[in-house]
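Presented below is the structure to which this report refers.
Quick look at the structure:
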């Protein structure tokens, strides 16, 4: 809004409102005075009554003129109220801010912990993520009518280069997700998503501690997972217990732009045998290398179980196989989570994971690790989850890491990392 114009309208409004109020009072007084003149007095005072009636008519004309001016200036509404923009009522805007401090006891010489997420700078206060999500109302699954919606998320902060997979591509650096979603009235409703899609792999979310039981990210999410990628996905609920998804995307690790002209195919079957259990079976495969016969393929199992009202369990098993000149490379992982909510505000989470990489295809040269011919990685993490208010989550955490690659943690094979993360959701 033009502030100068706004001030002019504001200065006009006070005298106009005062004039309107004064006119209304005078009009009421005149009308009241006219109504109480007795019949016996009208004959000798006829001239006075006629004068009062004329003054009343003049006041009414002035009041009408003032009202017209007020409407013209926008001080009073003119005509029927205009309709609101319906689309604005269907938009939701939410997100979170997460920040942390962690200390790596291996005291890395380059000030960057190897094979560790999220804090890539040792002994530093870190703004991990600032996430903004703009979305339409949820798309309704229906076999009778079409529906459409969208969802777009941006992540800024020190973790953005890792979770967004946009790299240095201009316009993609901060984009986490951008999806157009449709419901086609086929059967019970065919769900269609197109755009930058979040991975089907991994139990943990790339959003980190704000939604995960632990603040730091487990090894599986990075070494046996993949980031967002542009593509198309079809989803269909076969029944209340079973749903399927099939996806075609640019590649496992290429993100928004295809790197070699070939595509990766992914599919999942979701099974819910009861309201406390969820199982996801995932398979994937696609040409990742330059040669036509070099494929990356594999599978994953993710399962969750609510053991009691307070106690939860989750597990993830992953297998990757990559074609290489003259052979193949395999790496796999296993992980488990156990977390308990003692109250609505206080909980505790334990995570353990293991990566087996026999020839280095899955870990060599990644996240600060030196090029190597293979290693096993494992970690054990204990996190306190404290929510003093619903929108705030504080997570003090201690984590132990071990590698079979000699000196991989800046000269050490073992490492302890301690600190805390804080997340605020809005």
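Numbering (the working numbering), first residue to last: 7 to 432. Virtual Cβ for every residue (Gly too), placed ideally from N, Cα, C. Given the structure is predicted, the values throughout are model-derived calculations rather than measurements.
Per DSSP, what kind of secondary structure is residue i in: helix, strand or coil?
i           : result
residue 442 : Residue 442 is absent from the model: the chain starts at 7 and stops at 432.
residue 226 : helix
residue 53  : helix
residue 74  : helix
residue 29  : In this predicted model, residue 29 has a pLDDT of only 44, less than 50, meaning its place in the structure is not dependable enough to derive any value.
residue 241 : strand
residue 96  : coil
residue 143 : coil
residue 69  : helix
residue 175 : coil
residue 402 : strand
residue 63  : helix
residue 198 : strand
residue 412 : coil
residue 428 : strand
residue 236 : strand
residue 376 : coil
residue 217 : coil
residue 169 : helix
residue 207 : coil
residue 192 : coil
residue 421 : strand
Using a Cβ-Cβ cut-off of 7 Å (strictly less than) and excluding sequence neighbours within five positions of residue i, which residues of its own chain qualify?
i           : result
residue 148 : 189, 191, 195
residue 216 : 102, 104, 399, 429, 431
residue 287 : 274, 275, 307
residue 210 : 218, 223, 224, 227
residue 249 : 241, 242, 243, 276
residue 115 : 416
Which residues in the same chain have their Cβ closer than 6 Å to the Cβ of residue i, if we skip the five residues on either side of it in sequence?
i           : result
residue 433 : A query on residue 433 cannot be resolved here, the shown segment of the chain reaching from 7 to 432 and no further.
residue 361 : 225, 229, 339, 383
residue 321 : 309, 342
residue 344 : 319, 356
residue 238 : 200, 254
residue 316 : 346, 347
residue 150 : 191
residue 388 : 356, 404
residue 162 : 136, 180
residue 279 : none
residue 408 : 384, 420
residue 328 : 302, 335, 367
residue 289 : 273, 305
residue 107 : 131, 425
residue 252 : 240, 273
Which residue's Cα is closest to the Cα of residue i: the options?
i           : options            : result
residue 244 : 265, 181, 274, 114 : 274
residue 348 : 146, 277, 393, 282 : 393
residue 140 : 128, 157, 56, 391  : 157
residue 309 : 363, 342, 183, 213 : 342
residue 292 : 267, 313, 316, 277 : 267
residue 365 : 276, 326, 271      : 326
residue 126 : 97, 164, 153, 145  : 164
residue 223 : 168, 323, 175      : 168
residue 234 : 204, 197, 311      : 204
residue 395 : 386, 350, 407      : 350
residue 336 : 379, 389, 65       : 379
residue 236 : 270, 207, 58, 166  : 270
residue 368 : 227, 252, 193, 312 : 227
residue 198 : 311, 323, 207, 152 : 152
residue 146 : 184, 242, 117, 159 : 242
residue 314 : 283, 299, 332, 202 : 283
residue 144 : 98, 312, 331, 61   : 98
residue 381 : 252, 412, 116, 65  : 412
residue 435 : 372, 258, 220, 373 : Missing from the structure shown is residue 435; the chain here goes from 7 to 432 and no further.
residue 170 : 155, 154, 214      : 214
residue 187 : 375, 142, 62, 311  : 142
residue 386 : 258, 359, 100      : 359
residue 185 : 323, 61, 160       : 160
residue 155 : 96, 258, 246       : 96
Is the closest heavy atom of the ligand ADP to the C-beta of residue i under 8 Å?
i           : result
residue 240 : This structure does not include the ligand ADP; it has no bound ligands of any sort.
Once the 5 residues before and after residue i are set aside, which same chain residues still bring their CB inside 8 Å of it?
i           : result
residue 172 : 178, 179, 180, 181, 261, 262
residue 397 : 430, 431, 432
residue 109 : 128, 129, 423, 424, 425
residue 377 : 366, 370, 371
message: Whether or not the segment 392 to 409 and the segment 346 to 359 are in contact is what I'm after, with contact meaning three or more pairs of Cβ atoms, one per stretch, closer than 8 Å; do they touch?
response: As far as the Cβ criterion goes, the segment 346 to 359 touches the segment 392 to 409, which means the pair count is three or higher.
task: Specify whether the segment 136 to 143 and the segment 113 to 124 touch according to this definition: at least 3 beta carbon pairs, one from each stretch, less than 8 Å apart.
output: These segments do not touch.
task: May I have a chain-ordered list of the beta strand (DSSP E) segments no shorter than 3 residues that lie completely inside the segment 266 to 319?
output: With a minimum length of 3 residues, the unbroken runs of beta strand (DSSP E) contained wholly in the segment 266 to 319 fall at 270 to 280, 283 to 293, 301 to 312.
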